[in-house]
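For the sequence shown, the numbering used here begins at 222 and goes up steadily by one.
Don't be surprised by glycine CBs; every beta carbon is placed ideally from N, CA and C.
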Amino acid sequence: MSLPIANLPLMLTGTAGLLWFSRKPLRNPGSHGFYRFFAWETILALAVLNRESTGDQLISETLLQLSLLPLVFGFIALRRRGKRDATRREDSSLYGWEKTTELITGGIFGLIRHPMYSALLALDWGMFFRAASWPAFALALFGSACVLLTARADEKECIAYFGQAYIDYMRGTRRFIPWLF
222 MSLPIANLPL
232 MLTGTAGLLW
242 FSRKPLRNPG
252 SHGFYRFFAW
262 ETILALAVLN
272 RESTGDQLIS
282 ETLLQLSLLP
292 LVFGFIALRR
302 RGKRDATRRE
312 DSSLYGWEKT
322 TELITGGIFG
332 LIRHPMYSAL
342 LALDWGMFFR
352 AASWPAFALA
362 LFGSACVLLT
372 ARADEKECIA
382 YFGQAYIDYM
392 RGTRRFIPWL
402 F
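(1) Would the stretch 390 to 398 and the stretch 331 to 343 be scored as touching if the rule is three or more Cβ pairs under 8 Å?
(2) Buried or exposed, going by whether 16 or more other CB atoms sit within 10 Å of the CB of Pro230?
(3) State yes or no: is the C-beta of Ala357 within less than 8 Å of the C-beta of Leu285?
(4) Does Ala237 pass the burial test, meaning 16 or more other C-beta atoms within 10 Å, or should it be called exposed?
(5) Taking all protein chains shown into account, decide if Arg257 is buried (16 or more other Cβ within 10 angstroms of its Cβ) or exposed.
(6) Among Glu323, Lys377, His335, whose alpha-carbon lies nearest the alpha-carbon of Gly251?
(7) Which residues share a DSSP beta bridge with Ile280?
(8) How many angstroms separate the CA atom of Ala266 from the CA atom of Met232?
(9) What first and last residue would you give for the alpha helix (DSSP H) that runs through Thr371?
(10) Could you give the distance in angstroms between the alpha-carbon of Ser274 and the alpha-carbon of Phe383?
(11) Which class does Ile325 belong to by DSSP, given the choice of helix, strand or coil?
(12) For Gly254, collect the residues of the same chain with a Cβ closer than 6 Å to its Cβ; drop the 5 residues on either side in sequence, then sort them by chain order.
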């Protein structure tokens, strides 16, 4: 692991970027974007902490590469089938690509409710395994908790918008890992 002081400029620059990107949801504590910021910040901290480490590359690289699948398929599904409409979803903490007006239950969303958050979990633990240590383990656990809080907040928002249809959808799908969790 590198000395923490040597990583300070990288961490501060990354944090500034995440703060700027998350400026809308951070004004709305309790929103999914509020918790997502902390999940992203934890992944950044793990990446900076372990950036020069070579640790268990097989596990780390597998998780890092697997994180791309739910991310890409989830994003494509949102863009193609989500029917974004900012006028019908006036929540200022949502970004344009999040303002879907159509509940997506097919494709990757037919297997898991939160493919993009699954990607964050895989990134979180993939970065941990680059150089497993007790501080990195604590960060990875905190990041996982933030992702879980993000998903729960997102589900409340979806229930408020989509109603019973989303509750029914929740009964038939898992949060992050098909058929498991």
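Looking at the coordinates:
(1) Under the three-pair Cβ rule at 8 Å, the stretch 390 to 398 counts as touching the stretch 331 to 343.
(2) Exposed is the call here.
(3) In this structure, Ala357 keeps its C-beta atom at 8 Å or more from the C-beta atom of Leu285.
(4) It counts as exposed.
(5) Arg257 is classed as buried because its beta carbon has at least 16 other beta carbons within 10 Å across all chains shown.
(6) The option with the nearest alpha carbon to Gly251 is Lys377.
(7) Listed as beta-bridge partners of Ile280 by DSSP are no residues whatsoever.
(8) Computed Cα separation, rounded: 7 Å.
(9) Residue range 355 to 383 is occupied by the alpha helix (DSSP H) that includes Thr371.
(10) When the Cα atoms are used, Ser274 and Phe383 turn out to be separated by approximately 44 Å.
(11) It is coil, neither helix nor strand.
(12) Its chain contains Pro246, Ser314 as the residues whose beta carbon lies nearer than 6 Å to that of Gly254, once the 5 sequence neighbours on both sides are disregarded; these appear in chain order.
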